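Chains as they are written, first to last, in the working numbering: chain A, 2 to 468; chain B, 5 to 158.
Report on the structure given below.
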Ligand SMILES: [Zn+2]
Ligand SMILES: [Zn+2]
Ligand SMILES: [Zn+2]
Ligand SMILES: [Zn+2]
Ligand SMILES: [Zn+2]
Ligand SMILES: [Zn+2]
Ligand SMILES: [Zn+2]
Ligand SMILES: [Zn+2]
């Protein structure tokens, strides 16, 4: 019996190994790519990654009625030289190459001679992080190290490795060659930094621009971990996530991570991705993100460095889905408050409401709660009640004809446990015995008294510091 | 070992460096800290030439799993609480780096050094003026207190 089981498992394992190796075989030997012509025709090719660019030209030429030497192949902003092996450029399955007819063979010859061969390798490979960090000149350039870009992929819904691509800023065609390599992130993230030649329809593009400006390259990123879904399939670059080539320790756990989050400060403060997540989470739960006028709801370097706000808020996608939802909710609420609006005080609602400045009777469009703008309690006629509004709430309610007759018990609870910050009106909960409140909303931080609902004073300490 | 959270990894490293290279007059109860990385006891001697010369104090550090993004909770414990204008008789310390001015760049070591220098610069042994009232009314956790930082010149 035992022997039977043993031989069964041996067979099973062999079968599994076979399946695995044959799968590997397929992935290794076939690369499906598209070659797009300037006329809009697309040729699909299954190629051996070991073949070179001249081989692709031979495959494509007959299909578009041209000779192989009349073609040039463009990928990621560079023309690929004939002897370039496909395996060495980081093509993924279903990548798109662009093929254009050489307009004037003579001109092309000049271009070829003046361009060193090294420049004909794809852009993604020539961009290296050691060229990006200019401060440290002693850093040894890692040999043959490929650049690693990280992106948020909306398709895979997560942090993935990305690939840099380039196209014509004007007509968006990928048949575009750059005149120079981007040297740092600003060249890639800001528009109109690098010029180039649109090979798609140069006359058209130049004419429309009326020669008042050169044709510019436009850079964008793709996710390297899913099969390309075509030219519109883009990912958001997370430029602050980088390989830790200089072995800087994480500012929180002090480990030296392989991949790091770089804070945009001048002091090389970095965190491992785990600690970055934990930093975001602890700040988020305390509502300590900052509403920056340009970058949005964001954070700065945890060590408090000046001007170190994170510009690309997609970096907060590193939070898990629930907390990213929470981030978006808080960001919206913050935006509403900044724009002079207010938030529905009902627990679990929190709807942002923009009301006329002189209107004190507010109706939430979402949960239909009707409340007083000034004290965020159920709507009442007459002045707001400065003391604990527990027993007379029912009485106030009867006066207001628009107020629902039946008092929702959860409403009574909220009346007792939250009061608005007297300065910014953010609903605040009181959890401890102390009457001294400090608004946790970043930028407010108002010290106030739960009892008086005014600024906290020495008198408050003496009279009712705690209940 | 690999199951350690980032805050435990950080505390482990801080503990090692504090054992190996402690600031003068400071010792950590290593055995206790190794058993529970989230709560340490640190002994501190009053520096010679200061009002606290010859005295021995005991500090308690409590850490949350958000450390170092969240500051440690630090109090004097035991029978001898230093008499100092920023230290309440229940052991709470009024020191801004323990709340508002905390940053992950600080450490147990830098907190100890700040407390040592706070003690050393004291000119007159006395309790804070609101000591009796504060001790009666405050929360157990000093981090829940919204401190007005006393002027730092003392
Ligand atoms: Zn993807
Ligand atoms: Zn174009
Ligand atoms: Zn870390
Ligand atoms: Zn920094
Ligand atoms: Zn509502
Ligand atoms: Zn009111
Ligand atoms: Zn406020
Ligand atoms: Zn008061």
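Even glycine gets a Cβ: it sits at the ideal position worked out from N, Cα and C.
Being a predicted model, the structure only gives us computed values, none of them experimental.
Length of the line joining the Cα atoms of residue i and residue j
{"i": "residue 74/B", "j": "residue 169/A", "result": "48 Å"}
{"i": "residue 273/A", "j": "residue 258/A", "result": "6 Å"}
{"i": "residue 64/A", "j": "residue 155/A", "result": "35 Å"}
{"i": "residue 31/B", "j": "residue 95/B", "result": "19 Å"}
{"i": "residue 36/B", "j": "residue 263/A", "result": "35 Å"}
{"i": "residue 378/A", "j": "residue 12/B", "result": "44 Å"}
{"i": "residue 141/B", "j": "residue 91/B", "result": "15 Å"}
{"i": "residue 246/A", "j": "residue 265/A", "result": "17 Å"}
{"i": "residue 121/B", "j": "residue 65/B", "result": "18 Å"}
{"i": "residue 449/A", "j": "residue 10/B", "result": "36 Å"}
{"i": "residue 275/A", "j": "residue 160/A", "result": "13 Å"}
{"i": "residue 452/A", "j": "residue 235/A", "result": "54 Å"}
{"i": "residue 79/B", "j": "residue 309/A", "result": "33 Å"}
{"i": "residue 113/B", "j": "residue 22/B", "result": "7 Å"}
{"i": "residue 83/B", "j": "residue 431/A", "result": "34 Å"}
{"i": "residue 93/B", "j": "residue 224/A", "result": "60 Å"}
{"i": "residue 165/A", "j": "residue 106/B", "result": "39 Å"}
{"i": "residue 77/A", "j": "residue 92/A", "result": "10 Å"}
{"i": "residue 88/A", "j": "residue 52/A", "result": "8 Å"}
{"i": "residue 390/A", "j": "residue 353/A", "result": "Note that residue 390/A scores 41 on pLDDT, short of 50, meaning its location in the model is unreliable and no value can be drawn from it."}
{"i": "residue 146/B", "j": "residue 173/A", "result": "60 Å"}
{"i": "residue 59/B", "j": "residue 97/B", "result": "18 Å"}
Any non-hydrogen atom of ligand 3 closer than 6 Å to residue i Cβ
{"i": "residue 250/A", "result": "no"}
{"i": "residue 276/A", "result": "yes"}
{"i": "residue 27/B", "result": "no"}
{"i": "residue 7/B", "result": "no"}
{"i": "residue 233/A", "result": "no"}
{"i": "residue 253/A", "result": "yes"}
{"i": "residue 172/A", "result": "no"}
{"i": "residue 1/B", "result": "The structure shown has nothing for residue 1/B, since chain B only spans 5 to 158."}
{"i": "residue 72/B", "result": "no"}
{"i": "residue 192/A", "result": "no"}
{"i": "residue 10/B", "result": "yes"}
Cβ-Cβ separation, residue j to residue i (assumed contact under 8 Å), whole Å
{"i": "residue 99/A", "j": "residue 176/A", "result": "4 Å"}
{"i": "residue 167/A", "j": "residue 152/A", "result": "About 15 Å separates the two Cβ atoms, so there is no contact after all."}
{"i": "residue 466/A", "j": "residue 435/A", "result": "7 Å"}
{"i": "residue 355/A", "j": "residue 337/A", "result": "7 Å"}
{"i": "residue 27/B", "j": "residue 116/B", "result": "6 Å"}
{"i": "residue 315/A", "j": "residue 237/A", "result": "5 Å"}
{"i": "residue 96/A", "j": "residue 195/A", "result": "About 22 Å; that fails the 8 Å criterion."}
{"i": "residue 108/B", "j": "residue 324/A", "result": "In fact, because the Cβ distance is near 20 Å, the residues do not count as touching under 8 Å."}
{"i": "residue 72/A", "j": "residue 62/A", "result": "6 Å"}
{"i": "residue 373/A", "j": "residue 381/A", "result": "6 Å"}
Ligand 4 heavy atom lying under 6 Å from the CB of residue i
{"i": "residue 96/A", "result": "no"}
{"i": "residue 264/A", "result": "yes"}
{"i": "residue 281/A", "result": "no"}
{"i": "residue 245/A", "result": "no"}
{"i": "residue 270/A", "result": "yes"}
{"i": "residue 302/A", "result": "yes"}
{"i": "residue 309/A", "result": "yes"}
{"i": "residue 306/A", "result": "yes"}
Residue i beta carbon near ligand 2 (any heavy atom closer than 6 Å)
{"i": "residue 199/A", "result": "yes"}
{"i": "residue 360/A", "result": "no"}
{"i": "residue 206/A", "result": "yes"}
Check: residue i C-beta below 6 Å from any heavy atom of ligand 1
{"i": "residue 315/A", "result": "no"}
{"i": "residue 89/A", "result": "no"}
{"i": "residue 293/A", "result": "no"}
{"i": "residue 227/A", "result": "yes"}
{"i": "residue 140/B", "result": "no"}
{"i": "residue 161/A", "result": "yes"}
Every unbroken beta strand (DSSP E) inside the region 234-283 of chain A [3 residues or more]: Listed in chain order, they are 242-244, 260-263 and 271-273.
Mind listing which residues of the region 282-316 of chain A have their C-beta closer than 7 Å to chain B's C-betas, in chain order? Here the close residues are 283, 303, 304 and 305.
What residues in the region 56-77 of chain B have a beta carbon less than 7 Å from any beta carbon of chain A? Legend: CB atoms of the region 56-77 of chain B lying less than 7 Å from CB atoms of chain A belong to residues 70, 72, 73 and 74.
The region 95-120 of chain B: which residues have C-beta closer than 8 Å to a C-beta of chain A, in chain order? Hits within the stretch, in order: 107, 108 and 109.
Select from the region 248-261 of chain A all residues with a C-beta closer than 9 Å to any C-beta belonging to chain B, and list them in chain order. Identification of residues in the region 248-261 of chain A having a C-beta nearer than 9 Å to some C-beta of chain B yields 251, 252, 253, 254, 255 and 256, given in sequence order.
Could you tell me which whole beta strand (DSSP E) segments of length 3 or greater appear in the region 164-231 of chain A? Taking only runs of at least 3 residues, the beta strand (DSSP E) segments lying wholly in the region 164-231 of chain A are 177-179, 197-199 and 218-224.
Uninterrupted alpha helix (DSSP H) stretches inside the region 33-105 of chain B (no shorter than 4 residues): When DSSP assignments are scanned along the region 33-105 of chain B, the uninterrupted stretches of alpha helix (DSSP H) that are 4 or more residues long and fall wholly within it turn out to be 34-39.
Which residues, taken in chain order from the region 323-338 of chain A, show a beta carbon closer than 7 Å to some beta carbon of chain B? Result list empty, no residue passes.
What beta strand (DSSP E) runs, 3 residues minimum, are completely inside the region 50-107 of chain A? Within the region 50-107 of chain A, the complete beta strand (DSSP E) runs of at least 3 residues are 72-76 and 96-102.
Suppose only complete runs of 3+ residues qualify. What are the beta strand (DSSP E) ranges in the region 298-343 of chain A, listed by chain order? Inside the region 298-343 of chain A, DSSP marks no whole beta strand (DSSP E) run of 3 or more residues.
Any residues in the region 437-457 of chain A with a beta carbon nearer than 7 Å to a beta carbon of chain B? Which ones, in chain order? Contact annotation: in the region 437-457 of chain A, residues whose CB is within less than 7 Å of a CB in chain B are 437, 439 and 448.
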